[in-house]
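Data first, discussion second: the structure below is written as structure tokens.
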Amino acid sequence: MFQEKRPERLIDLNGLRLDGRKLDQLRQIKLEVGILDKANGSAYVEQGRNRILVAVYGPREAHPKHMALADRAVVRCRYHMAPFSTEERKSPAPSRREMELSKVMREALEPAILSKNYPRTTIDIFVEVLQSDGGSRCAAITGASLALADAGIPMKSLVSACAVGKIGGQIALDLSDLEDKYGEADMPVALMPSFNAITLVQMDGSLTLDEFAKGLDIAVESCKQIHEMQKTALKEKYLSIKEEVEEKEESEEAGK
Amino acid sequence: MSSTPHISPMASIEQRTIVDMISHGKRIDERPLTDYRDLKIEVGIIEKANGSAQVFLGKTKIMVGVKVETGDPFPDTPNEGILTVNAELVPLASPSFEPGPPDENSIELARVVDRGLRESKAIDLEQLCVEAGKKVFVVFVDVYVLDHDGNLIDASAIASLAALLNARMSDYEIKNGEIVYKPGYKPLPIKNRPITVTIAKIGDSLVVDPCLEEEQVMSARLTAAIDDSGRVCAMQKGGMEGLTIEEVKAAVQIVSKKANELREKILEAAK
Amino acid sequence: MTLHVEKKQLVAPGEIVAEGGYFAGDNVYKENDKIFASRLGLVEVDGNRVLVVPIKGCYIPYLDDPVIGRIVDVGMSGWSVDINAPYPALLPASETFGHRQPFPKADLTKIFEVGDLVLAKVIAFDRTRDPLITVKGPGLGKATSGRVVEISPTKIPRLIGRKGSMISLLKKETGCEIMVGQNGIVLVSGRSPEGERVAVSAIYMIEREAHTRGLTDRIQEMMRKELGGREFVSGKAS
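Residue numbers (the numbering used here), protein chains in the order written: chain A, 1 to 256; chain B, 1001 to 1271; chain C, 2001 to 2238.
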């Protein structure tokens, strides 16, 4: 638990940020897949102090029936924050911000989902932000891709997301909550790395055209880094079972 | 308005298997009738909250966050702080949870957890008064169900108590009715540690800590909360059928025995 | 023609698997002459066809599939059945033995009621309407006893094994009747609860380790250890 004050400067004399990072450094990211039992697919993302849980249910029967589409699955996405996820307690009722984020998230993920494979069904993506510290929509998209893949939903590509921004007059990667609040711009970006296709880009603040172009390039590069982490996390569970089983066999062979 | 819930999504032969096995003293996960599933408690995972706890009870997963803020006291208790418990059955936890405002199940869950804490006076609310009638501390306990595999009540109560024990507020003094913060932190004024145990009636047997399939088969459930001194401080019967008087008494006896076991585990985890 | 990965390699959605003259099989898609995986799974090459065997996936009904389902509703001329697919199945009254005309509702519940488990077969399915199933056929109909196990439908082929080798092994070692639905539902029915319990454990173990080698031996070892090496002959413990 900590109390927040307006920081004097966001970049110190050595070019380091409040948490000691360099301008082009991502926060520490931890990705875990398949941690929930009831959901068809799930993922847990820690990025800096963000703690985000994503679950996917589906494809499942559409309820109510009239909402179903004849030629594809309906993708539903709900971005929701826990009351204890922010500095000040947040009411559990959905806010306008959460509704907007639900929409842009769905639009970031839908291009990657092969929804035509499952007409008349729904694919539900539920995001719960357990702790929020800037860039949560990007971390949520990164997690949602993992949860979709974990559920076995066919996809053209994973979607990887990351935000860039401007603090202390300079372009910086992966802003924290404080940096977003007291900085000059924040720009979340989501990418389908296999196709270099951008499925989410938003910006608030003020950037010159050059800064914008530079920031976009940096964001895309980081998305690709995050993509590698996603692939590793997805395969991790199965590779570790394989290892565990093969080690056990080897030690039994040796013991004979 | 409350309506009869939809029929349980389990085949009749599955239901019969569970009831049969229990009548022979066996459960589908091979536990003894009076045993809890594996319990894992972790505290302090959400740094932005004043206190937090994550509980894994078998496959059920619950997270509780405690936030302490200031607010107006209730008019009938002007010199007491406020405890408020809220529960969310978020859709990610179960295929049967839908997005929307709290339904009767999440409200019952919140109120049963609240009852145990409130009636045992777990928190000394008078110590949370800043200025009588004007300003008090409000303790928000937010129960978040993350994975529903049965017995949300006990798992939520365990997580709530652990989160409250884990909670820290900024150290302060009251000067002239105003809060003056000092460096450092202090725990919440916890005076009692109520433990909530739920028993399900399946066939003619009483089982502790029903998993999801057992809940879908049970005819009734009884939850009781026991405080530090062994007194019953809260009770709730649920389910569509009845319990005999003997069954109620027997259930409370079982609760009394299990409460100490659980209390030890929570105190250990919250250290 | 280039193969970008090795056979049996684990690939994630969007990873490039092959290029050039290959054809796209299951769980991959082709774009601009390149073949990409669409699901997490193991790569298989069958001649010039590339496909991915997925780790997880929902059940999509297929003609002639044996399935195990649960009656969820009784209608005017048939039953609605949950077959663990994104589409509810319809079992028309005409697809049960001895009933060719539509009967009033009261009679239908005498045959199957809500909660009953049925062994059935898919007789029709296309993407524009819900699957149709039948219980006419040897071994089909209402299940009256046994334990129900649910696993990922993608693991059913491994549970059955090449030419039924794995499932025969389970039946032999545990003395249980095991009915396997392509929809991931398995019914285990034996005379000894121990045999049933071990069969259930074996099924979950196969689900978890389906993608590893040497599974058949490990399963056999586990079952022999649990059952003390007794052999079950036609359902009787010896």
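For each residue, glycine too, the CB sits at the ideal point set by N, CA and C.
If the five residues before and after Ile35(A) are omitted, its C-beta is found closer than 7 Å to the C-beta atoms of Ser42, Tyr44, all from its own chain and listed in chain order. With contact defined as three or more Cβ pairs closer than 8 Å, the stretch 14-24 of chain A and the stretch 82-89 of chain A are not in contact.
In the three-state reduction of the DSSP assignment, Arg2197(C) falls in the helix class. In terms of Cβ geometry, Leu101(A) and Arg51(A) do not form a close pair [threshold 8 Å]. According to the DSSP assignment, Gln170(A) belongs to the beta strand (DSSP E) that extends over 170-173.
One finds Val2148 in chain C with Cβ atoms closer than 7 Å to the Cβ of Glu1014(B), taken in chain order. Looking at the DSSP output, His2211(C) bridges to nothing. Under the Cβ distance rule, Thr1004(B) does not count among the residues neighbouring chain C, no pair being separated by less than 8 Å.
DSSP, reduced to helix, strand and coil, places Ile35(A) outside both helices and strands of the structure shown, so it counts as coil. Residue nearest to Asp1228(B) within the set Asn1192(B), Ala1220(B), Glu1214(B), Ala1234(B) is Asn1192(B) (criterion: CA-CA distance). By the Cβ neighbour-count rule, Asn1050(B) is buried, with 16 or more other Cβ atoms within 10 Å of its own. Contact with chain A is absent for Lys2007(C), since none of that chain's Cβ atoms lies less than 8 Å from the residue's Cβ. Straight-line spacing of the CA atoms in Ser1205(B) and Ile1022(B) works out to 7 Å. The shortest CA-to-CA distance from Val1208(B) to any of Gly1239(B), Arg1168(B), Lys1048(B), Ala1251(B) is the one to Ala1251(B). Proximity of Cys2058(C) to chain A, defined by a Cβ-Cβ separation below 8 Å, is satisfied. The secondary-structure analysis by DSSP pairs His1148(B) with nothing; it has no beta-bridge partner. Within chain B, Ile1013 have C-beta atoms less than 7 Å from the C-beta of Ala2143(C), given in sequence order. In terms of CA proximity to Glu2173(C), Arg2197(C) leads the group Arg2197(C), Lys2163(C), Thr2154(C). Boundaries of the beta strand (DSSP E) harbouring Gln1236(B): 1232-1238, taken from the DSSP string. A distance below 8 Å separates the beta carbons of Ile2156(C) and Gly2184(C). The C-alpha of Lys1048(B) lies about 16 Å from the C-alpha of Glu1042(B). None of the residues of the stretch 2164-2189 of chain C has a beta carbon lying less than 7 Å from any beta carbon of chain B. Secondary structure of Ile198(A) (DSSP, three-state): strand. Within chain B, the residues whose beta carbon sits less than 7 Å from that of Ala55(A) are Leu1092, listed in sequence order. For Cys138(A), there is no enclosing beta strand (DSSP E); the residue is found in the alpha helix (DSSP H) stretching over 136-150.
Only Phe2036, Ser2038, Arg2039, Leu2040, Pro2054, Ile2055, Lys2056, Gly2057, Cys2058 from the stretch 2033-2058 of chain C bring a Cβ to less than 8 Å from some Cβ of chain A. Around the C-beta of Gln1253(B), fewer than 16 other C-beta atoms lie within 10 Å, and the residue is accordingly described as exposed. Flagged as an interface residue toward chain A: Ala2012(C), by a C-beta distance shorter than 8 Å. With 16 or more other CB atoms across the displayed protein chains lying within 10 angstroms of its CB, Ser194(A) is buried. Contact of Gly2139(C) with chain B is not assigned, every C-beta pair being separated by 8 Å or more. Under the criterion of beta carbons closer than 8 Å, Leu1033(B) and Leu1057(B) do not qualify as touching, at roughly 17 Å. Within the stretch 1120-1205 of chain B, the complete beta strand (DSSP E) segments at least 3 residues long are 1129-1131, 1135-1147, 1168-1175, 1178-1187, 1195-1202, listed from N- to C-terminus.
A distance below 8 Å separates the beta carbons of Pro2153(C) and Gly2057(C).
One finds nothing in chain A with a Cβ atom closer than 9 Å to the Cβ of Gly2021(C); even the nearest lies about 21 Å away. A distance of 8 Å or more separates the beta carbons of Val1138(B) and Ala1159(B). In the three-state scheme derived from DSSP, where H, G and I count as helix and E and B as strand, Met187(A) is classed as strand.
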